[in-house]
Every structure is written in structure tokens, then in C-alpha cells.
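Visitor: In this text, residue positions in the sequence shown follow UniProt numbering: the first is 1, and each later residue adds one.
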Amino acid sequence: MSQPTPILHHFDQSPFSEKIRIIFGFKKLAWSSVRISRIMPRPDLMPMTGGYRRTPTMQIGADIYCDTQIIIRELERRYPTPSLFPGGHAGMPAALGMWTDRPFFQNTVNLVFGFIGDKVPREFIEDREKLRGAKFDVAAMTVALPQMRDQFRAHADWIEAQLGDGKPWLLGEFSLADVSAYMNVWYARQSVASIDEILAHFPRLVAWEARMRAVGHGTRTEMSSTEALEIAARSTPQSPVFGDPADPNGRKPGDRVGVLPDDYGKVPVRGEIVSLSAQHIAIRRSDPRAGEVVVHFPRAGFLVVPD
Ligand SMILES: N[C@@H](CCC(=O)N[C@@H](CS)C(=O)NCC(=O)O)C(=O)O
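(1) Of the choices R102, I7, I22 and V34, whose alpha-carbon is the least far from that of I60?
(2) Count the other C-beta atoms from every protein chain shown that fall within 10 angstroms of the C-beta of R102, then say buried if there are 16 or more, exposed otherwise.
(3) Among T219, S32, P41 and P245, whose alpha-carbon lies nearest the alpha-carbon of E123?
(4) Under 8 Å by Cβ, that's how I've got L303 and D247 pegged, so tell me the actual separation to the nearest angstrom.
(5) State the DSSP-derived secondary structure class of R54, mapped to helix, strand or coil.
(6) Would you give the residue range spanned by the alpha helix (DSSP H) that A94 belongs to?
(7) Comparing alpha-carbon positions, which option in G50, K130, G97 and D165 lies nearest R289?
(8) Nearest-angstrom Cα distance between W99 and G258?
(9) Given the structure, does F16 come close to ligand 1, in the sense that its CB is under 7 Å from one of the ligand's heavy atoms?
(10) What's the C-alpha gap between D218 and A210?
(11) Strictly by DSSP, which residues pair up with A282?
(12) Rounding to the nearest angstrom, what Cα-Cα distance links A282 and I39 in this structure?
(13) Please determine if the segment 112 to 129 and the segment 142 to 152 are in contact, where contact requires at least 3 C-beta pairs separated by less than 8 Å.
(14) Quick one: what does DSSP say T226 is sitting in, helix, strand or coil?
(15) Using only CA atoms, which one of W31, L45, N249 and F152 lies nearest to E230?
(16) Please report the distance separating the alpha-carbon of A134 from that of T81.
(17) Report the three-state DSSP secondary structure of V305 (helix, strand or coil).
(18) Which residues in the same chain have their Cβ closer than 7 Å to the Cβ of E18, if we skip the five residues on either side of it in sequence?
(19) Pick out whichever of Y52, R54, Q69 and I36 has its Cα sitting closest to the Cα of A300.
(20) Does the Cβ-Cβ distance between V293 and M48 come in under 8 Å?
(21) Using a Cβ-Cβ cutoff of less than 6 Å, which residues in the same chain neighbour R270 once the five nearest sequence positions on both sides are dropped?
(22) Hey, A90 and L176: beta-carbon distance below 8 Å or not?
(23) Quickly, what does DSSP pair Y65 with across the bridge? List them, please.
(24) Would you call S33 buried or exposed, if buried means 16 or more other Cβ atoms sit within 10 Å of its Cβ?
(25) I think H155 touches F104, with their Cβ atoms under 8 Å apart; what is that distance to the nearest whole Å?
This is the structure we're talking about:
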């Protein structure tokens, strides 16, 4: 049976979305693109996610995947070849996300917004302050630009060093490690005019960046947000029920919980556990517009609380 087409809810400037677009390219997939606004509200998406507001989200019928960790896991499960985990590298390419998606990303955000400075629109700043629950202080980021450049160089230098023996990809063969590290270079390239200067001493990184860009985005077709919502409403979630006998907190299918990120955008999504494992939790919820959906989250970087 042919697989349903994945739908990515994203915006073009989003670096985390770029990770997934590149994976579509690597796996040569056709996908539907729903462009969401860069700031809230997103009235056709929230009925599906139950309040999760970070970008991107992937939808397959009435199954909704929140956070790139779980999106990637699902894409690898459904489309195992070519693999993002080649040559026996089953764990490290994913674990590396805790570097690329957190400290390296925060450094890149500060570099990008410090560089854009007072051209950042007020509505965007207000939206990101709500997301972070803290001040989004563009003026302070601009003052910190010299430090951010230094730190970005240090992160970039790790990439350069890893490519030092002339291999084309970080682990030899193309893997998730390349995709995750590339996200930050891609993001800086979009907005930091002096990026060539910053990267001037990293020729291997720059050649690798060009190879990454050439991977492309697969076959993208635009879809409206209302059409995506209708697809969810007329589909049935395809998630089997299973428990985790080793769950250290004794959680099991049927328990009511809230699931939320532990860093920013901490909006709990509430529902009933359908399945769980060390790396995954799926909860069932229903919404007047989306119908019954199952929402999937990773475990690393997320909190599961009783509802
Ligand atoms: N850990 C998340 C991080 C996603 C993230 O921070 N995305 C940014 C955009 S690239 C975001 O959510 N910005 C706020 C928003 O879009 O509402 C993931 O891997 O998906």
C-alpha cells in the first residue's frame, strides 16, 4: 500500500523546518507544504496540535508530530532508505541534536537577531517574548554580536575539524548529524551579511555547505491550511496502542497527561496516552474542528505531567 503524503506545517525562514525539508530531499520524497505565519495566531493548526506552537509540525492524516526529533524518527520509520543513521551510527546522529538544536542554535539566534537589530518588527519581538516567557532583547543581542561571532566560529570550527581528513560528510556517509549541524549554518547564511567573512577560514565547511544545499527539498506541493485541517478531520489516527513495561514512572495507555517542551513554548498538550517508549509518547485528543487526532512528541527535552 502506498504511504500517505506527509504534510509539513512550516514557514520558509524557519531553520528547524529546513532540517525536515533537507530530509525530504535526501529521501527523495513528495510532500505537501502548508505555510504558516511566522507569529501566532495559527488558527487552523492549533486544533490539530492542541496548543503546541513551535515550528515545524508534521501531519500524516490524523497523526500529528510535534518537534523535529519525532518528525525525523517517524520519517525514518516510514522511509528507512536511504538511512539517516548509516554505518552502525544508530544513536549519536540523533544525540548530536542536543548540541545543534540548543546551544549552537541559541548562539545562531543571537547572531542573526543581533545582526538584524532594530529592523526586527515589534509584533515579532512580542510574539517571541510570549514564546520564551522572557525578554527578547534585540538591543542586548546587538551589543553581544562580537561574542556571538566568536562563539559561532567555535561551533563552526568543530564542523571544519570533523571534515579535516577530507571526508564529504561529518560521519563519512551522509547522516542526521549533517542535517542538524547544517541548520545553523543555513540560518546564519539567510540573514547575516558578513557570514562569508566569519566562515572564510573554514573551506571544508563551506564546501560541505554547498553539498548540503545540493541535496534539495524533494518534491514540494503547496496546500492550504484549511485543506490540511479537513484531511485530519476525515482521517483516523493510525497509531497502535502499546505500553512500555520499563516506564520508570509507571505510565500506561489510557492515563491522562499533559506534554510540554522543557525549554520554550511551554504549552501543555493534554490527552490520553496511546503509546510510549524511551523516545516517544503519543496522546489522543479530540477537537471540534480536527476530530480525533493522535499527537506525537519526543521524550528528550519534553516533560510529561499528570493532567
Ligand atoms: N525543538 C524544536 C524547536 C523548534 C523551534 O524552536 N522552531 C522555531 C522556528 S525555527 C519556533 O518554534 N519559533 C516559534 C514559532 O514558530 O512559533 C524542534 O526540534 O522542532
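Glycine is no exception: its CB is placed at the ideal position from the N, C-alpha and C atoms.
Guide: Quick answer:
(1) Here residue 60 corresponds to residue number 60 of the sequence shown, with the count starting at 1. I60 has its Cα closest to that of I7, out of R102, I7, I22 and V34.
(2) For the purposes of this step, residue 102 is identified with residue 102 of the sequence shown, where counting begins at 1. With fewer than 16 Cβ atoms within 10 Å of its Cβ, R102 is classed as exposed.
(3) Locating residue 123 in the sequence shown gives position 123, where the first residue counts as 1. In terms of CA proximity to E123, P41 leads the group T219, S32, P41 and P245.
(4) For this step, residue 303 is matched to residue 303 along the sequence shown. For this step, residue 247 is matched to residue 247 along the sequence shown. So it is not a contact: roughly 15 Å between Cβ atoms.
(5) Taking the first residue of the sequence shown as position 1, residue 54 is located at position 54. If DSSP states are grouped into helix, strand and coil, R54 belongs with coil.
(6) Looking up residue 94 in the sequence shown gives position 94. M92 to A95 is the span of the alpha helix (DSSP H), which, as asked, contains A94.
(7) Here residue 289 refers to the residue found at position 289 of the sequence shown. Among G50, K130, G97 and D165, the Cα nearest to that of R289 belongs to G50.
(8) Counting from one through the sequence shown, the residue named residue 99 turns up at place 99. Counting from one through the sequence shown, the residue named residue 258 turns up at place 258. Going from the Cα of W99 to the Cα of G258 covers about 26 Å.
(9) Here the question's residue 16 lines up with position 16 in the sequence shown. F16: yes, Cβ under 7 Å from ligand 1.
(10) Residue numbering aside, residue 218 sits at position 218 when the sequence shown is read from its first letter. Residue numbering aside, residue 210 sits at position 210 when the sequence shown is read from its first letter. Looking at the sequence shown, residue 218 is not Asp but Gly. Using only the alpha carbons, I get a separation of about 17 Å.
(11) Translated into the one-based positions of the sequence shown, residue 282 becomes position 282. Partner(s): S275 and H296.
(12) Numbered from 1 along the sequence shown, position 282 holds the residue referred to as residue 282. Numbered from 1 along the sequence shown, position 39 holds the residue referred to as residue 39. Cα to Cα, the separation comes out at about 26 Å.
(13) Counting Cβ pairs under 8 Å, three or more are found: they touch.
(14) Translated into positions along the sequence shown, residue 226 becomes position 226. Residue state, collapsed to three classes: helix.
(15) Here residue 230 is taken as the residue at index 230 of the sequence shown, counted from 1. Closest option to E230, Cα to Cα, is L45.
(16) Position 134 of the sequence shown holds residue 134. Position 81 of the sequence shown holds residue 81. Near 42 Å, if we compare the C-alpha coordinates of T81 and A134.
(17) Here residue 305 is taken as the residue at index 305 of the sequence shown, counted from 1. Here V305 sits in strand by DSSP.
(18) Reading the sequence shown from its first residue, position 18 is the one you call residue 18. For E18, same chain residues with a beta-carbon under 7 Å away, outside a window of 5 residues either side, are M183 and W186 in chain order.
(19) Within the sequence shown, residue 300 is the residue found at index 300, counting from 1. For A300, the nearest C-alpha among the options comes from Q69.
(20) Counting from 1 along the sequence shown, the entry for residue 293 is found at position 293. Counting from 1 along the sequence shown, the entry for residue 48 is found at position 48. For the 8 Å CB-CB criterion, V293 and M48 form a contact.
(21) Your numbering for residue 270 matches position 270 in the sequence shown. In chain order, G258 and D307 place their CB closer than 6 Å to the CB of R270, counting only its own chain and leaving out the 5 sequence neighbours on each side.
(22) One-based indexing of the sequence shown puts residue 90 at position 90. One-based indexing of the sequence shown puts residue 176 at position 176. With a cutoff of 8 Å on beta-carbon distance, A90 and L176 are scored as not near each other.
(23) On the sequence shown, residue 65 is found 65 positions in, with the first residue counted as 1. Paired residue(s): M58 and H296.
(24) For this step, residue 33 is matched to residue 33 along the sequence shown. A residue is called buried when at least 16 other Cβ atoms come within 10 angstroms of its Cβ; S33 meets this threshold and is buried.
(25) As a position in the sequence shown, residue 155 is number 155, starting the count at 1. As a position in the sequence shown, residue 104 is number 104, starting the count at 1. That pair is a contact at about 5 Å.
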